[in-house]
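Numbering (this note's numbering), first residue to last: 2 to 155.
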């Protein structure tokens with residue numbers, strides 16, 4: 002399973018990315034990540050997001066790249082790539098925000114990682130059941146539940 006990770010993490014919080022990546026690798030997930038720290042999204046980032054089976058966006062309270070993560074997350078949603086945001090518990094969230102997200106505590110990130118693993122396991126099962134389906138969508142305001150099936154000729 003190909004997963005794209007976009008993150009807004011300051012240098013002292015890099016351990017969060019390392020921990021998450023390590024756990025995902027153990028589960029057989031192939032990771033690509035955003036390397037765009039510019040105003041414009043690169044073609045490589047766009048291609049990597051579009052080729053992914055899942056987009057994970059990580060937003061911390063002190064990260065400086067929140068807008069970039071949200072822009073990449075929007076591309077994933079427009080491209081019908083299942084997506085989920087992991088948002089630190091210090092970040093205010095608009096009560097009208099309906100897309101799937103997981104709240105995490107930087108001091109106890111394992112709880113959120115376990116929840117994310119459950120979501121990935123569910124997504125993998127759906128992909129295995131119907132390998133021709135694009136995937137189950139985990140984002141967008143039109144979802145009636147966390148998982149909604151969108152099929153394509155992929």
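Here a beta-carbon is modelled for each residue, glycine too, at the ideal position from N, C-alpha and C.
Per DSSP, which residues does residue i bridge with? Please list them.
i: residue 9; result: 60
i: residue 169; result: In this structure the chain extends from 2 to 155, so residue 169 is not present and cannot be described.
i: residue 32; result: 4
i: residue 55; result: 4
Check for me: the beta strand (DSSP E) holding residue i runs from which residue to which?
i: residue 109; result: Unbroken run through residue 109: none, as it is neither H nor E.
Taking only three categories from DSSP, how would you classify residue i?
i: residue 80; result: coil
i: residue 15; result: helix
i: residue 21; result: helix
i: residue 134; result: Reliability fails at residue 134, whose pLDDT of 48 lies under 50, so the model's placement of it is uncertain and the value that follows must be treated cautiously. Correct three-state label for residue 134: coil.
i: residue 127; result: helix
i: residue 72; result: helix
i: residue 27; result: helix
i: residue 120; result: helix
i: residue 115; result: helix
How far does the alpha helix (DSSP H) with residue i in it extend, from its first residue to its last?
i: residue 171; result: Outside the shown range of the chain, which is 2 to 155, sits residue 171, and nothing can be said about it.
Is it right to say residue i is buried, meaning 16 or more other beta carbons lie within 10 angstroms of its own, or is it exposed?
i: residue 35; result: buried
i: residue 133; result: Annotation note: pLDDT 49 at residue 133 (below 50); position unreliable, coordinate value reported separately. It is exposed - the Cβ of residue 133 has fewer than 16 other Cβ atoms within 10 Å.
i: residue 98; result: exposed
i: residue 108; result: exposed
i: residue 50; result: buried
i: residue 94; result: exposed
i: residue 30; result: buried
i: residue 110; result: buried
i: residue 152; result: Reliability fails at residue 152, whose pLDDT of 31 lies under 50, so the model's placement of it is uncertain and no value is given.
i: residue 41; result: exposed
Is residue i near the ligand ADP, going by C-beta to nearest heavy atom under 8 Å?
i: residue 73; result: This structure lacks the ligand ADP, and indeed carries no ligand of any kind.
Decide yes or no for the touch test of the segment 48-56 against the segment 73-83: beta carbon pairs closer than 8 Å, at least 3 of them. Because the criterion of three Cβ pairs below 8 Å is met, the segment 48-56 and the segment 73-83 touch.
Should the segment 4-11 be called in touch with the segment 63-77, which here means at least 3 C-beta pairs below 8 Å? yes
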